[in-house]
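Here's the structure, in structure tokens; my notes come after.
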Amino acid sequence: MKDLRSRSISSIFYVLIMLSALIHPVSFMIVMYISAIIVLAEYGKVLRKDPEHLNFLKRWGQDYSPFMSTEFFPIFMVSTFGLLPLIGPALSLTNIEEADVLYYIFIIVYLIFYPFLLFFLISKRKFYGYITSKAWPMFLLTLSLILLVSSPFLNIEFKKFQIYMIAYLVLIWGIDSAGYFVGLKFGKNKLYESVSPKKTIEGVYGSIIFTLIFGFYLSQFLQIETLLVMASSLMICFFAIIGDLIQSKIKRQLKIKDFGNWIKGHGGLFDRLDSIIFSFPFFYLIIIIFENVS
Numbered sequence: 267m268k269d270l271r272s273r274s275i276s277s278i279f280y281v282l283i284m285l286s287a288l289i290h291p292v293s294f295m296i297v298m299y300i301s302a303i304i305v306l307a308e309y310g311k312v313l314r315k316d317p318e319h320l321n322f323l324k325r326w327g328q329d330y331s332p333f334m335s336t337e338f339f340p341i342f343m344v345s346t347f348g349l350l351p352l353i354g355p356a357l358s359l360t361n362i363e364e365a366d367v368l369y370y371i372f373i374i375v376y377l378i379f380y381p382f383l384l385f386f387l388i389s390k391r392k393f394y395g396y397i398t399s400k401a402w403p404m405f406l407l408t409l410s411l412i413l414l415v416s417s418p419f420l421n422i423e424f425k426k427f428q429i430y431m432i433a434y435l436v437l438i439w440g441i442d443s444a445g446y447f448v449g450l451k452f453g454k455n456k457l458y459e460s461v462s463p464k465k466t467i468e469g470v471y472g473s474i475i476f477t478l479i480f481g482f483y484l485s486q487f488l489q490i491e492t493l494l495v496m497a498s499s500l501m502i503c504f505f506a507i508i509g510d511l512i513q514s515k516i517k518r519q520l521k522i523k524d525f526g527n528w529i530k531g532h533g534g535l536f537d538r539l540d541s542i543i544f545s546f547p548f549f550y551l552i553i554i555i556f557e558n559v560s
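Printed below as a string of structure tokens:
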């Protein structure tokens, strides 16, 4: 119970930070940008300690600066394209409408390459070797973080974005908490023991039940077709759970328990935001769909 309490408190803490940042699009962008940089830095720091990744850099003559060859470009991409809706118009480089097209392209690219993450999850292959490094998942991670940072400047009213984002964050928190609590109390059958020994099928059922209940009441609040909202909520639930498993698989290949130690026993920021990071592009897509049917 002590572990459940500390886990819940840490989750609520991160969610509250994100919710408080929603008072203004710029404040939310800044908080998400800082979070994105921390996540990439945590991932990069672990990679730069991994012997196989370092051997890969050496083999291709990129070992002169492991930082430059590992997380510098992803950080540069997030800093450039994530902040583009804010700095682009200010520097007369682009407008928000033009930027939207770019982010739609990022979503399409993410969707095209996402099956590689699924294959990586279920496959026993190493997915790294002579021409690929252990850093390859950082590509999709970067795309998702760009969308997350830029999201408050979506071409919709910010008040609507606030409602969607609050619903999404509460849903993610509920999926994680319900899954953990039900799995802890009633879990007997392992979901994917070789990747995540603590995750159970019963825990997944708990997450699904919460999602269906939440989706029903959310549809009444948003006055959007109930079936559409519940189906969208289930889709987010699926990709949030898969995202958690994908990160667990990444950690197993890197032979680590956590990406950081911000809260003892609960890892770093990447460990706490894994469900959000890997499901956010699908949430982004759902917002676009909702705006076209409501």
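Take 267 as the starting number for the sequence shown in the working numbering and just add one per residue.
Note that beta-carbon positions come from the ideal geometry of N, C-alpha and C, so glycine has one too.
### Short Cβ contact (7 Å threshold) for Val415 with Ala302
Here residue 415 refers to the residue found at position 149 of the sequence shown. Here residue 302 refers to the residue found at position 36 of the sequence shown. Yes, these two residues count as a Cβ contact at 7 Å.
### Beta-carbon proximity check, Cys503 vs Ile553, cutoff 7 Å
Counting from one through the sequence shown, the residue named residue 503 turns up at place 237. Counting from one through the sequence shown, the residue named residue 553 turns up at place 287. No, they are not a contact pair.
### Query
Among all the DSSP beta bridges, which residues are the ones paired with Lys456?
Looking up residue 456 in the sequence shown gives position 190. Thr466, per the DSSP bridge assignment.
### Message
According to DSSP, simplified to helix, strand and coil, what is Leu420?
### Response
To locate residue 420, count along the sequence shown from 1; it is residue 154. Coil at Leu420, not helix or strand.
### Task
Run the CB neighbour count on Pro351, radius 10 Å, all protein chains shown included, and call it buried at 16 or more, exposed below.
Translated into the one-based positions of the sequence shown, residue 351 becomes position 85. Label assigned to Pro351: buried.
### Test item: CB-CB of Glu308 and Phe525 under 7 Å
Against the sequence shown, residue 308 aligns to sequence position 42. Against the sequence shown, residue 525 aligns to sequence position 259. Yes. Within cutoff.
### Query
What separation, rounded to the nearest whole angstrom, lies between the Cα atoms of Thr398 and Phe322?
On the sequence shown, position 132 is the one that residue 398 refers to. On the sequence shown, position 56 is the one that residue 322 refers to. Taking the straight line from one Cα to the other gives about 8 Å.
#### Entry: Three-way DSSP call (helix, strand, coil) for Lys240 in this model
There is no way to answer for residue 240, as the model of the chain reaches only from 267 to 560.
### Query
Of all the options Gly348, Phe347, Val312, Leu349, which has the alpha carbon lying nearest to the alpha carbon of Pro332?
What you label residue 332 is simply residue 66 of the sequence shown in a count that begins at 1. That would be Val312, whose Cα lies nearest to the Cα of Pro332.
### Query
If you run the structure through DSSP and keep just helix, strand and coil, what is Ala444?
Here residue 444 is taken as the residue at index 178 of the sequence shown, counted from 1. The answer is helix: DSSP assigns Ala444 an H, G or I state.
### Query
Taking DSSP as the reference, what is the three-state secondary structure of Ser335?
For the purposes of this step, residue 335 is identified with residue 69 of the sequence shown, where counting begins at 1. The answer is helix: DSSP assigns Ser335 an H, G or I state.
### Query
Are the beta-carbon atoms of Phe372 and Leu349 separated by less than 7 Å?
As a working mapping, residue 372 is identified with position 106 in the sequence shown. As a working mapping, residue 349 is identified with position 83 in the sequence shown. No, they are not a contact pair.
### Task
Please report the residue range of the alpha helix (DSSP H) in which Glu308 lies.
Translated into the one-based positions of the sequence shown, residue 308 becomes position 42. 291-313 is the extent of the alpha helix (DSSP H) around Glu308.
### DSSP state of Lys390 mapped onto helix, strand, coil
As a working mapping, residue 390 is identified with position 124 in the sequence shown. Coil at Lys390, not helix or strand.
### Message
With the cut-off set at 7 Å, would you say Lys465 and Leu478 are in Cβ contact?
### Response
Walking along the sequence shown from the start, residue 465 turns up at place 199. Walking along the sequence shown from the start, residue 478 turns up at place 212. No, the pair does not count as a contact, with Cβ atoms beyond the cut-off.
#### Entry: Proximity below 7 Å, CB of Ile512 to CB of Leu387
Along the sequence shown, one-based indexing puts residue 512 at 246. Along the sequence shown, one-based indexing puts residue 387 at 121. Going by C-beta atoms, Ile512 is nearer than 7 Å to Leu387.
### Query
For Glu459, which of Ile432, Gln489, Ser514 has the nearest alpha-carbon?
Here residue 459 is taken as the residue at index 193 of the sequence shown, counted from 1. Residue Ser514 is the option with its Cα nearest to Glu459.
### Where Ile542 falls: helix, strand or coil (DSSP)
The residue given as residue 542 occupies position 276 in the sequence shown. DSSP places Ile542 within a helical segment (H, G or I) once states are collapsed to three.
### Message
Please classify Ile378 as buried or exposed, where buried requires at least 16 neighbouring CB atoms within 10 angstroms.
### Response
As a working mapping, residue 378 is identified with position 112 in the sequence shown. Exposed is the call here.
### Query
For the putative contact between Thr492 and Phe482, defined by C-beta atoms under 8 Å, what is the C-beta separation to the nearest angstrom?
Your numbering for residue 492 matches position 226 in the sequence shown. Your numbering for residue 482 matches position 216 in the sequence shown. The Cβ separation is near 6 Å, so the contact holds.
#### Entry: Whole-angstrom distance between Ile467 and Met496, CA atom to CA atom
Locating residue 496 in the sequence shown gives position 230, where the first residue counts as 1. Locating residue 467 in the sequence shown gives position 201, where the first residue counts as 1. Cα to Cα, the separation comes out at about 21 Å.
### Task
Locate the alpha helix (DSSP H) running through Phe322, then write down its first and last residues.
Counting from 1 along the sequence shown, the entry for residue 322 is found at position 56. Residues 317-325.
### Message
DSSP three-state label for Gly533, please.
### Response
In the sequence shown, the residue the question calls residue 533 occupies position 267. Gly533: coil per DSSP, three-state reduction.
### Query
With a Cβ-Cβ cutoff of 7 Å, do Met295 and Pro418 count as a contact?
Walking along the sequence shown from the start, residue 295 turns up at place 29. Walking along the sequence shown from the start, residue 418 turns up at place 152. Contact flag set, yes.
#### Entry: C-beta contact flag for Ile429 and Glu557 at 7 Å
Here residue 429 refers to the residue found at position 163 of the sequence shown. Here residue 557 refers to the residue found at position 291 of the sequence shown. Using a Cβ distance threshold of 7 Å, Ile429 and Glu557 do not count as a contacting pair.
### Query
Going by beta carbon distance, what residues of the same chain come within less than 7 Å of Tyr369, once the five residues before and after it are set aside?
Taking the sequence shown and counting its residues from 1, one reaches residue 369 at position 103. Here the set comprises Leu413, Ser416.
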